[in-house]
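Trainee:
Numbering (our numbering), first residue to last: 1 to 206.
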């Protein structure tokens with residue numbers, strides 16, 4: 001696992017922008033009060049989702065493997081304590097069972113090295129989630145990927161159905177397989193990705 005977006009983080013001080021992920025706006029239709037909820041924002045990048053959740057009263061653990069991403073996060077959100085931003089590898093985290101209410105894994109899972117590693121990490125994150133808790137997942141899938149804009153990224157590309165299958169024992173609130181068209185600010189290369197997006201809730205008997 002490497003910081004596949006490091007070129008962008010090094011060259012742009014705000015690579016992903018400041019607006020929170022669209023799935024968090026959807027989640028907020030269900031969760032109207034985040035106060036006291038424990039959130040793991042894993043693959044937090046430059047912190048836009050962490051900032052959104054902290055502002056709403058959640059307790060957030062924010063982890064990313066890229067020191068460049070975390071440097072941008074500290075600069076982008078100076079009102080947030082510097083030690084909020086934890087450099088770490090998701091595969092090495094210690095996560096007690098049932099510790100968190102919400103896991104946000106935006107742009108993380110496809111950065112792992114293999115299908116088996118993706119499955120292992122998802123299972124670890126699921127064990128760490130309390131019954132009734134939520135996962136918010138966004139990942140590249142195998143249907144369409146134009147990677148010219150990411151020469152250092154070698155993603156693990158699972159089928160959309162494989163991702164949905166990880167949550168077959170959960171209540172899947174939302175799942176979609178749709179394209180996104182992007183132009184990143186550091187290289188200006190137009191490209192498209194097929195994205196799996198999932199919001200799922202852990203059952204009380206899971």
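C-beta atoms are modelled at their ideal positions from N, C-alpha and C, and glycine is treated no differently.
In this text the structure is predicted, and so the values were computed from the model without any measurement.
Would residue 153 and residue 196 be called neighbours here (beta carbons separated by less than 9 Å)?
Mentor: Here residue 153 refers to the residue found at position 153 when the chain shown is read from its first residue. Here residue 196 refers to the residue found at position 196 when the chain shown is read from its first residue. In this structure, residue 196 does not lie closer than 9 Å to residue 153 by Cβ.
Trainee: From which residue to which residue does the beta strand (DSSP E) around residue 132 run?
Mentor: Translated into the one-based positions of the chain shown, residue 132 becomes position 132. Per DSSP, residue 132 belongs to the beta strand (DSSP E) from 129 to 145.
Trainee: Between which two residues does the alpha helix (DSSP H) harbouring residue 186 extend?
Mentor: The residue you call residue 186 lines up with position 186 of the chain shown. Unbroken run through residue 186: none, as it is neither H nor E.
Trainee: Expressed to the nearest angstrom, what Euclidean distance is found between the alpha-carbon atoms of residue 149 and residue 180?
Mentor: Position 149 of the chain shown holds residue 149. Position 180 of the chain shown holds residue 180. Residue 149 and residue 180: Cα-Cα distance of roughly 14 Å.
Trainee: Assuming the contact rule is C-beta atoms closer than 8 Å, residue 201 and residue 171 should be a hit. Round their C-beta distance to whole Å, please.
Mentor: One-based indexing of the chain shown puts residue 201 at position 201. One-based indexing of the chain shown puts residue 171 at position 171. That belief holds up - the Cβ atoms of residue 201 and residue 171 are roughly 4 Å apart, short of 8 Å.
Trainee: May I have the straight-line CA-CA distance separating residue 100 from residue 40, to the nearest angstrom?
Mentor: Taking the first residue of the chain shown as 1, we reach residue 100 at position 100. Taking the first residue of the chain shown as 1, we reach residue 40 at position 40. If I take the Cα positions, the gap works out to 7 Å.
Trainee: Is the stretch 41 to 55 touching the stretch 66 to 86 in the sense that three or more CB pairs, one from each, lie closer than 8 Å?
Mentor: Judged by Cβ distances under 8 Å, the stretch 66 to 86 makes contact with the stretch 41 to 55, as three or more pairs qualify.
Trainee: Between 98, 56, 33, which has its C-alpha nearest residue 133's C-alpha?
Mentor: For the purposes of this step, residue 133 is identified with residue 133 of the chain shown, where counting begins at 1. Residue 98 is the option with its Cα nearest to residue 133.
Trainee: Measure the Cβ-Cβ separation of residue 178 and residue 194 and say whether it is below 9 Å.
Mentor: Looking up residue 178 in the chain shown gives position 178. Looking up residue 194 in the chain shown gives position 194. Taking 9 Å as the Cβ cut-off, residue 178 and residue 194 qualify as a contacting pair.
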